[in-house]
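Student:
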Amino acid sequence: MLRFKPILKPVLKPTRLHHVALLIAALGINAVTGTFAIVPAAHAQAKDNVRPEVAKPLQAAQDMIRAQKYREALARLHEADAVGGKTPFETYMIDRTRGAAAMGAGDNETAARAFESALNSGRMTAAEQGKVIQALASLYYRASDYPKAIVWLQRALKDGLGDTETRALLAQSYYLSGDMARAQKELQTDLAADEKAGRAPSETQLKLMLSIAAKQNDKPAYLALLERMATTYPTKETWADLVQRLQSRPGFADRLTLDVDRLKLALGQLTTTADFMEMSQLALQAGFPAEGKKIVDLGYKNGVLGTGAEAARHKRLQDLANKSAADDVRTMATSEAEAARSKDGIALVNLGYALVTAGQVDKGIGMMEEGITRGNLKRPDDARLHLGVAYLQAGKKAEAIKTLKLVQGTDGTADLARYWIILANHPVAAAAG
31 MLRFKPILKP VLKPTRLHHV ALLIAALGIN AVTGTFAIVP AAHAQAKDNV
81 RPEVAKPLQA AQDMIRAQKY REALARLHEA DAVGGKTPFE TYMIDRTRGA
131 AAMGAGDNET AARAFESALN SGRMTAAEQG KVIQALASLY YRASDYPKAI
181 VWLQRALKDG LGDTETRALL AQSYYLSGDM ARAQKELQTD LAADEKAGRA
231 PSETQLKLML SIAAKQNDKP AYLALLERMA TTYPTKETWA DLVQRLQSRP
281 GFADRLTLDV DRLKLALGQL TTTADFMEMS QLALQAGFPA EGKKIVDLGY
331 KNGVLGTGAE AARHKRLQDL ANKSAADDVR TMATSEAEAA RSKDGIALVN
381 LGYALVTAGQ VDKGIGMMEE GITRGNLKRP DDARLHLGVA YLQAGKKAEA
431 IKTLKLVQGT DGTADLARYW IILANHPVAA AAG
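Numbered per this note's numbering, the sequence shown spans residues 31 to 463.
1) Which same chain residues end up closer than 7 Å to residue 210 when comparing Cβ atoms and leaving out the 5 residues on each side of it in sequence?
2) What does a CB cutoff of less than 7 Å around residue 445 pick up in its chain, not counting 5 residues either side in sequence?
3) Beta-carbon separation of residue 428 and residue 386 under 8 Å?
4) Secondary structure at residue 151, three-state DSSP: helix, strand or coil?
5) For residue 404, which residues from the same chain have a beta carbon less than 7 Å from its beta carbon, with the 5 sequence-adjacent residues on both sides left out?
6) With a CB to CB cut of under 7 Å and the five nearest residues on each side skipped, what residues in its chain are close to residue 380?
7) Would you say residue 259 and residue 236 are within 8 Å of each other, going by their C-beta atoms?
8) Can we say the stretch 76 to 88 touches the stretch 122 to 134, given the rule of at least three CB pairs closer than 8 Å?
9) Here's a check: name, in chain order, each residue in its chain whose Cβ is nearer than 6 Å to the Cβ of residue 263, leaving out the five neighbours to either side.
10) Where does residue 263 fall in DSSP's three states?
11) Report the rounded CA-to-CA distance for residue 95 versus residue 139, giving the unit in angstroms.
12) Does any residue of chain E bring its CB to less than 8 Å from the CB of residue 438?
13) What would DSSP say about residue 456, mapped onto helix, strand or coil?
14) Leaving aside the five residues before and after residue 76 along the sequence, list all residues of the same chain whose C-beta is less than 8 Å from its C-beta, in chain order.
15) In three-state terms, what does DSSP make of residue 98?
16) Please confirm whether residue 312 and residue 286 have their CB atoms less than 8 Å apart.
17) Report buried or exposed for residue 456, applying the criterion of at least 16 other Cβ atoms within 10 angstroms of its Cβ.
18) To the nearest angstrom, how far is the alpha carbon of residue 37 from that of residue 231?
19) Which residue wins for smallest C-alpha separation from residue 418, given the options 184, 451, 310?
20) At the level of alpha carbons, what is the spacing between residue 327 and residue 348?
21) Any idea what DSSP makes of residue 253, helix, strand or coil?
22) Quick check on DSSP: helix, strand or coil for residue 354?
23) If you follow the alpha helix (DSSP H) that residue 319 is part of, which residue opens it and which one closes it?
24) State the Cα-Cα distance for the pair residue 1 and residue 268, rounded to the nearest angstrom.
25) So, with DSSP's three-state summary, where would you put residue 65?
26) Going by DSSP in three states, residue 386 sits in which element: helix, strand or coil?
27) Taking C-beta to C-beta, are residue 128 and residue 104 nearer than 8 Å?
28) Nearest to residue 178 by CA position, among 206, 449, 191, 115, is which residue?
29) Just to confirm the assignment: which complete beta strand (DSSP E) runs, minimum length 3, are found wholly within the stretch 410 to 441?
30) So for residue 393, helix, strand or coil by DSSP?
31) Assign residue 232 to one of three DSSP states: helix, strand, or coil.
32) Under a Cβ-count criterion, where at least 16 other Cβ atoms within 10 Å of its own Cβ denotes burial, should residue 108 be classed as buried or exposed?
33) With distance defined between alpha-carbon atoms, name the residue in 173, 156, 315, 215 nearest to residue 186.
34) Based on Cα-Cα distance, which residue from 309, 302, 397, 360 lies nearest to residue 337?
35) For residue 310, count the other beta carbons within 10 Å of its own beta carbon; 16 or more makes it buried, fewer makes it exposed. Which is it?
36) With 16 as the cutoff for other CB atoms within 10 Å, does residue 370 come out buried or exposed?
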């Protein structure tokens with residue numbers, strides 16, 4: 031199930047009022063004087079003037095825009111628009127002023143229509159056109175008219191007016207219009223450009239790609255993107271989705287459930303009573319009594335064990351864990367001697383990892399290394415996975431990553447090793463206590 035919702039708000043950074051201020055400056059909305067020629071000199075013609083009956087409400091509207099009284103400005107523009115026999119120039123001036131007023135008022139549809147009409151008049155300078163084209167793209171997007179937003183975003187990019195934010199908005203517009211294939215193509219182009227330039231992809235790009243993969247039911251792509259998110263923008267939510275999907279993969283070995291729980295513990299995702307009960311019981315069954323006791327103790331410390339209707343059951347598990355751990359300490363010397371005499375390395379690896387989980391990390395690692403060197407292991411990938419995790423616990427990151435990269439099992443061991451490498455290189459807050 032998709033856990034991420036792409037950021038679908040406009041990504042242009044300036045606020046709406048900032049946009050209005052920029053457009054006021056760009057479009058020359060200043061005082062109307064003399065012949066009321068309020069168009070840049072480069073575009074002014076002898077016949078370009080505004081009659082007094084139009085100029086008076088137009089000037090009042092512009093004054094109100096500068097005072098950020100946008101609704102009042104729209105009302106005065108309605109008066110100007112009501113004057114009969116308007117010249118094309120007067121219509122143009124009303125449209126460009128109405129666009130700024132409507133944008134300030136948050137009336138995106140009216141603003142877009144007005145700016146588009148003014149732009150189509152052919153009277154704007156190249157600089158003005160650029161500002162208005164970008165504004166139109168944003169306005170149509172805000173108005174949820176994604177097909178028109180796409181048209182203006184494409185024009186902005188074609189005219190060399192766009193930037194990375196414009197491209198991001200284009201991809202989102204395709205996504206919201208339902209064109210997943212085109213949205214994916216745009217995003218892939220952007221990601222390739224980022225990679226070539228040595229830039230990290232934005233979180234918005236990756237989340238949008240995740241959403242597209244989910245809608246297309248492309249599980250391999252979704253998983254690859256999740257791992258990229260964990261590498262670039264690690265969060266609890268990303269890891270929760272990754273871990274959940276790990277155990278549901280075809281071919282995942284049930285014996286690795288305890289290893290998944292160990293990863294969840296490192297991620298701070300061991301939270302419920304069931305989580306603690308499962309991991310402690312699995313650890314005891316696998317021959318790691320110190321680890322089982324540690325999990326029970328942590329469950330009591332966190333208040334998820336020892337309370338409620340199952341408190342008696344929790345107490346029985348605690349008693350069992352305490353007894354098993356004590357028995358293990360009492361027989362440790364004998365176990366070590368037996369492991370040393372063994373012809374294969376299985377006992378050394380298992381006992382070494384038991385020592386690691388009991389807090390004797392350095393001694394345990396030494397035994398595991400000796401066991402792997404001795405060979406004849408039933409599951410060498412399991413051994414390397416556990417040794418890699420042990421190295422991480424000992425603070426030996428380089429050795430851990432080197433060892434974990436050797437894990438090649440297709441039963442889930444290689445996936446677990448890869449996730450430990452990602453976590454080691456890109457830690458996320460909330461490690462267990």
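Positions of the beta carbon are idealized from the N, C-alpha and C atoms, including for glycine.
Tutor: In short:
1) Your numbering for residue 210 matches position 180 in the sequence shown. Excluding sequence neighbours, residue 210 sits near 242, 245, 246.
2) Locating residue 445 in the sequence shown gives position 415, where the first residue counts as 1. Closer than 7 Å at the Cβ level, and outside the excluded window around residue 445, lie 276.
3) On the sequence shown, position 398 is the one that residue 428 refers to. On the sequence shown, position 356 is the one that residue 386 refers to. For residue 428 and residue 386, no; Cβs fall outside 8 Å.
4) Here residue 151 corresponds to residue number 121 of the sequence shown, with the count starting at 1. Coil.
5) Numbered from 1 along the sequence shown, position 374 holds the residue referred to as residue 404. Taken in chain order, the residues that qualify are 374, 375, 378.
6) Against the sequence shown, residue 380 aligns to sequence position 350. Closer than 7 Å at Cβ, skipping near neighbours: 317.
7) If you number the sequence shown from 1, residue 259 lands on position 229. If you number the sequence shown from 1, residue 236 lands on position 206. Their beta carbons are under 8 Å apart, which means residue 259 touches residue 236 by this criterion.
8) yes
9) If you number the sequence shown from 1, residue 263 lands on position 233. Taken in chain order, the residues that qualify are 233.
10) On the sequence shown, residue 263 is found 233 positions in, with the first residue counted as 1. In the structure shown, residue 263 sits in coil (DSSP, three-state: anything other than H, G, I, E or B).
11) Within the sequence shown, numbered from 1, the residue matching residue 95 stands at position 65. Within the sequence shown, numbered from 1, the residue matching residue 139 stands at position 109. Looking at the two C-alpha atoms, the distance is approximately 18 Å.
12) This model lacks chain E altogether, as it is built from one protein chain only.
13) For the purposes of this step, residue 456 is taken as residue 426 along the sequence shown, with counting starting at 1. In the structure shown, residue 456 sits in coil (DSSP, three-state: anything other than H, G, I, E or B).
14) Locating residue 76 in the sequence shown gives position 46, where the first residue counts as 1. Confidence at residue 76 is low in this model, with a pLDDT of 47, below 50, so the placement of that residue should be treated as unreliable; the coordinate-derived value is given next. Around residue 76: no qualifying Cβ.
15) Along the sequence shown, one-based indexing puts residue 98 at 68. Here residue 98 sits in coil by DSSP.
16) Taking the sequence shown and counting its residues from 1, the one referred to as residue 312 is at position 282. Taking the sequence shown and counting its residues from 1, the one referred to as residue 286 is at position 256. Taking 8 Å as the Cβ cut-off, residue 312 and residue 286 do not qualify as a contacting pair.
17) What you label residue 456 is simply residue 426 of the sequence shown in a count that begins at 1. Residue 456 should be labelled exposed.
18) For the purposes of this step, residue 37 is taken as residue 7 along the sequence shown, with counting starting at 1. For the purposes of this step, residue 231 is taken as residue 201 along the sequence shown, with counting starting at 1. Caution applies to residue 37, whose pLDDT of 38 falls short of 50 and renders its modelled position unreliable; the value that the coordinates give is listed next. Approximately 14 Å, taken between the alpha carbons.
19) Here the question's residue 418 lines up with position 388 in the sequence shown. Nearest option by C-alpha distance: 451.
20) Looking up residue 327 in the sequence shown gives position 297. Looking up residue 348 in the sequence shown gives position 318. Going by the C-alpha atoms only, they are around 8 Å apart.
21) Start at 1 with the first residue of the sequence shown, and residue 253 comes out as number 223. Residue 253 falls in the helix class under three-state DSSP.
22) On the sequence shown, position 324 is the one that residue 354 refers to. Helix.
23) Here the question's residue 319 lines up with position 289 in the sequence shown. Where residue 319 is concerned, the enclosing alpha helix (DSSP H) stretches over 319 to 331.
24) Because the chain is modelled from 31 through 463, residue 1 falls outside the range shown and cannot be assessed.
25) Stepping through the sequence shown from its first residue, residue 65 is reached at position 35. Residue placement at residue 65 cannot be trusted, given a pLDDT of 32 that sits under 50; what the coordinates show is reported in the next sentence. Coil at residue 65, not helix or strand.
26) Residue 386 sits at position 356 when you count from the first residue of the sequence shown. Residue 386: helix per DSSP, three-state reduction.
27) As a first step, residue 128 is located in the sequence shown; it is residue number 98 there, counting from the start. As a first step, residue 104 is located in the sequence shown; it is residue number 74 there, counting from the start. Yes. Within cutoff.
28) In the sequence shown, the residue the question calls residue 178 occupies position 148. The candidate whose alpha carbon is nearest that of residue 178 is 206.
29) none
30) Walking along the sequence shown from the start, residue 393 turns up at place 363. In the structure shown, residue 393 sits in a helix (DSSP, three-state: H, G or I).
31) As a first step, residue 232 is located in the sequence shown; it is residue number 202 there, counting from the start. Three-state result, residue 232: coil.
32) Indexing the sequence shown from 1 puts residue 108 at position 78. Flag for residue 108 reads exposed.
33) What you label residue 186 is simply residue 156 of the sequence shown in a count that begins at 1. Of the candidates 173, 156, 315, 215, the one whose C-alpha sits nearest the C-alpha of residue 186 is 156.
34) Walking along the sequence shown from the start, residue 337 turns up at place 307. Here the closest residue by C-alpha is 302.
35) In the sequence shown, residue 310 corresponds to position 280, counting from 1. Its Cβ being crowded by 16 or more others within 10 Å, residue 310 is buried.
36) As a working note, residue 370 is residue 340 in the sequence shown. Its Cβ having fewer than 16 others within 10 Å, residue 370 is exposed.
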